[in-house]
Amino acid sequence: MKGGPPSGSKPSPVTEVITPETGPSKRRIRKLRIVVVDAPDTREENKVYSFAQDEVRVGSGAGADVVLSDGSISREHCAIRLLPDGYLLSDLSSTNGTFIGDARVREVILSTETLVRVGKSAIRLVPLAETVEHEMSPRASFGRMLGASAAMRETFALLEKVAASDLTVLIEGETGTGKELAAEGLHEASARSGDFVTINCGAIPRELLESELFGHEKGAFTGAVRERQGAFLAADKGTVFLDEIGELPLDMQAKLLRALERREVKAVGSDRSVPVDVRVVAATNRSLTKEVAEGRFRQDLYYRLAVVTVRIPPLRTRLDDLRLLIDGVQDELGRRRRALGQPPPDKLDETAMAMLLRYDFPGNVRELRNIVERWAVLGTTIGPGETSPIVDAPRPVEARSEGAKDPMQDLLALPYHEAKDALVERFERAFTKSALDKSAGNVSKAARDAGVDRRHLQRLMARFGIKTEE
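Sequential numbering of the sequence shown, starting at 3, is according to this note's numbering.
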């Protein structure tokens, strides 16, 4: 169902870009209030939420902005997305539907107060006259992140402000939005002389986390055959990036908090604390405030990490960045191909672009990159009945120019970051396939043998389209 304002009325704009003669550009966003009118759990009734953001998601899952415990509501039930002329209410393929009155809606544009029924609950959407101003950067990039949309320029403005400081930063965002690129950009734009060191808290086995973070002495535990420097000491005078911080076990959260408060670390097996000068940037695809409320994340550690919180917007809310992002990926592909003696990829035609503009990109920019890279080799042909640009096709192995003797030669012709990313991706794909082959497809055994967390191996499998019979 498509809808809009009543006949004869003119919707007030909900966004406005202000460009003064001097000073930065700003975007004024009209606030949206959501009131829970009816719910099976009476404790949720009359709850009031207020938002000034590009998208609000309603569902029963912990990742929703408005979480309802109604069992008839899907984890991601519906979304309310900011538009220049109102709010786009979209059902997210929910099981029991989204209703306005007796009409089940897929998409409808709203500009006035509206009662919406989801499952056995009802919420009232109330556009407010009150607005919030967000400063926007004049630039369309930050480090290796790209985006000319208002949402991304707002993000860049905040990143630019905090980059020169030593403030601890918590980066929130869905998987694939570019949280590590944001952290890397913060380090590169800072005056810190040390290294940028990354630790994926969800990929390291629990028993090795303390050693990876703080180091260990020789003989501290079985297998500790030599002294090891942890991430904090490796990043001294630099930046340590703690990815997937929400995966950190509670006991390690206490040890990390102590290190942050005292600015010193103690290696496993040592009785000596060593001072460190590091800036900490953490990232999560979870809502840490909800993790705190449910007792899975320490509140005191959350406050230590969230001195400044930066949220990276999902790609679906900034589809006007698609062409810029695609051009960036294709330029990178072109450089790789030239290094291999191959022709550059063809530009995507209007049919392909129209297809991408209709897609929601659950994997965000990372997924877009994978689509563009696959289409560059296999073309954009879509099979009968397919509505998604994602098809279950094997990812091609990059060919080398004939006669090339050194498998690294093609990478050495690329810029550092592109070469590093390409090499890491090749390694991760090959290692994942090898580990699963050795375990005869048993994911748990492959993870144990590889010394990584099972969830991390599953994420790699999903990223590279590797499947098993398990």
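Where a beta carbon is used, it is the ideal one built from N, C-alpha and C, also for glycine.
Could you check the C-alpha separation between Val-128 and Lys-49 for me, to the nearest Å?
-> In the sequence shown, residue 128 corresponds to position 126, counting from 1. In the sequence shown, residue 49 corresponds to position 47, counting from 1. Between the C-alpha atoms of Val-128 and Lys-49 there is a straight-line separation of about 13 Å.
So, are the CB atoms of Gly-2 and Asp-455 less than 8 Å apart?
-> Residue 2 is absent from the structure shown; the chain starts at 3 and stops at 472.
Looking at C-alpha atoms only, which residue of Ala-105, Glu-156, Ser-123 and His-79 is the closest neighbour of Lys-28?
-> On the sequence shown, position 26 is the one that residue 28 refers to. Ranking the options by Cα distance to Lys-28, first place goes to Glu-156.
May I have the straight-line CA-CA distance separating Arg-397 from Met-355, to the nearest angstrom?
-> Indexing the sequence shown from 1 puts residue 397 at position 395. Indexing the sequence shown from 1 puts residue 355 at position 353. Because Arg-397 sits at a pLDDT of 36, beneath the cut-off of 50, its placement in the model cannot be relied upon, and the following sentence gives the value as read from the coordinates. So the alpha carbons of these two residues sit roughly 21 Å apart.
Given a threshold of 16 other Cβ atoms within 10 Å of its Cβ, counted over all protein chains shown, does Asp-394 qualify as buried or as exposed?
-> Within the sequence shown, the letter at position 392 stands for residue 394. Confidence at Asp-394 is low in this model, with a pLDDT of 41, below 50, so the placement of that residue should be treated as unreliable; the coordinate-derived value is given next. Exposed: under 16 other Cβ atoms inside 10 Å.
So, using beta-carbon positions, are Leu-112 and Leu-91 closer together than 8 Å?
-> Here residue 112 refers to the residue found at position 110 of the sequence shown. Here residue 91 refers to the residue found at position 89 of the sequence shown. Yes, the pair counts as a contact, with Cβ atoms nearer than the cut-off.
Determine which residues share a DSSP beta bridge with Met-138 and list them.
-> Numbered from its first residue, the sequence shown carries residue 138 at position 136. According to DSSP, which records beta bridges pairwise, Met-138 is partnered with Ser-27.
Can at least three beta-carbon pairs, one atom from the stretch 188-204 and one from the stretch 318-334, be found at a separation below 8 Å?
-> As far as the Cβ criterion goes, the stretch 188-204 does not touch the stretch 318-334, which means the pair count is below three.
Comparing alpha-carbon positions, which option in Gln-460, Thr-133, Arg-338 and Gln-55 lies nearest Glu-425?
-> Taking the sequence shown and counting its residues from 1, one reaches residue 425 at position 423. Position check: residue 425 holds Leu in this sequence, whereas Glu was assumed. Measuring from the Cα of Leu-425, the nearest candidate turns out to be Arg-338.
Segments assigned beta strand (DSSP E), at least 3 residues, entirely inside the stretch 185-227 | Within the stretch 185-227, the complete beta strand (DSSP E) runs of at least 3 residues are 198-202.
List the endpoints of the continuous beta strand (DSSP E) containing Glu-174.
-> Stepping through the sequence shown from its first residue, residue 174 is reached at position 172. Element bounds for Glu-174: 171-174.
Using the Cα positions of Pro-364 and Val-120, report the straight-line distance between them to the nearest angstrom.
-> The residue given as residue 364 occupies position 362 in the sequence shown. The residue given as residue 120 occupies position 118 in the sequence shown. Between Pro-364 and Val-120, the alpha-carbon positions lie close to 22 Å from each other.
If you follow the beta strand (DSSP E) that Glu-109 is part of, which residue opens it and which one closes it?
-> Mapped onto the sequence shown, residue 109 falls at position 107. Segment 109-112, the beta strand (DSSP E) holding Glu-109.
Cβ neighbour criterion (16 or more within 10 Å) applied to Leu-161 | Your numbering for residue 161 matches position 159 in the sequence shown. Per the 10 Å Cβ criterion, buried.
Cβ atoms of His-79 and Gly-103: under 8 Å apart, would you say?
-> The residue you call residue 103 lines up with position 101 of the sequence shown. The residue you call residue 79 lines up with position 77 of the sequence shown. For Gly-103 and His-79, no; Cβs fall outside 8 Å.
Counting Cβ pairs, one atom from each stretch, are 3 or more of them under 8 Å apart for the stretch 311-322 and the stretch 269-278?
-> No contact exists between the stretch 311-322 and the stretch 269-278.
Quick one: what's Val-276 bridged to in DSSP?
-> In the sequence shown, the residue the question calls residue 276 occupies position 274. Val-267.
Residues that Ala-105 bridges to, as DSSP identifies them | Within the sequence shown, residue 105 is the residue found at index 103, counting from 1. In DSSP, Ala-105 forms a bridge with Ile-102.
Among the residues of its own chain, which have a CB less than 8 Å from the CB of Asn-202, if the five just before and after it don't count?
-> Position 200 of the sequence shown, counted from the start, is the residue given in the question as residue 202. For Asn-202, where only same-chain residues beyond five positions count, the Cβ hits under 8 Å are Asp-245, Glu-246 and His-458.
Could you tell me whether the Cβ atoms of Val-331 and Val-294 are closer together than 8 Å?
-> On the sequence shown, residue 331 is found 329 positions in, with the first residue counted as 1. On the sequence shown, residue 294 is found 292 positions in, with the first residue counted as 1. Not in contact: Val-331 and Val-294 (Cβ atoms no closer than 8 Å).
Where does Ser-436 land, buried or exposed, given buried means 16+ other C-beta within 10 angstroms?
-> Residue numbering aside, residue 436 sits at position 434 when the sequence shown is read from its first letter. Per the 10 Å Cβ criterion, exposed.
Return the chain-ordered list of same chain residues with a C-beta closer than 8 Å to the C-beta of Glu-182, the five sequence neighbours on each side being excluded.
-> Locating residue 182 in the sequence shown gives position 180, counting from the first residue. So the list reads Thr-200, Phe-243, Asp-245 and Ala-285, once near-sequence residues are dropped.
Cβ distance (whole Å) where Leu-34 is taken to contact Leu-117 below 8 Å | Indexing the sequence shown from 1 puts residue 34 at position 32. Indexing the sequence shown from 1 puts residue 117 at position 115. Contact between Leu-34 and Leu-117 does not hold, since the beta-carbon distance rounds to 14 Å and is not under 8 Å.
According to DSSP, is Glu-427 helix, strand or coil?
-> Indexing the sequence shown from 1 puts residue 427 at position 425. Residue state, collapsed to three classes: helix.
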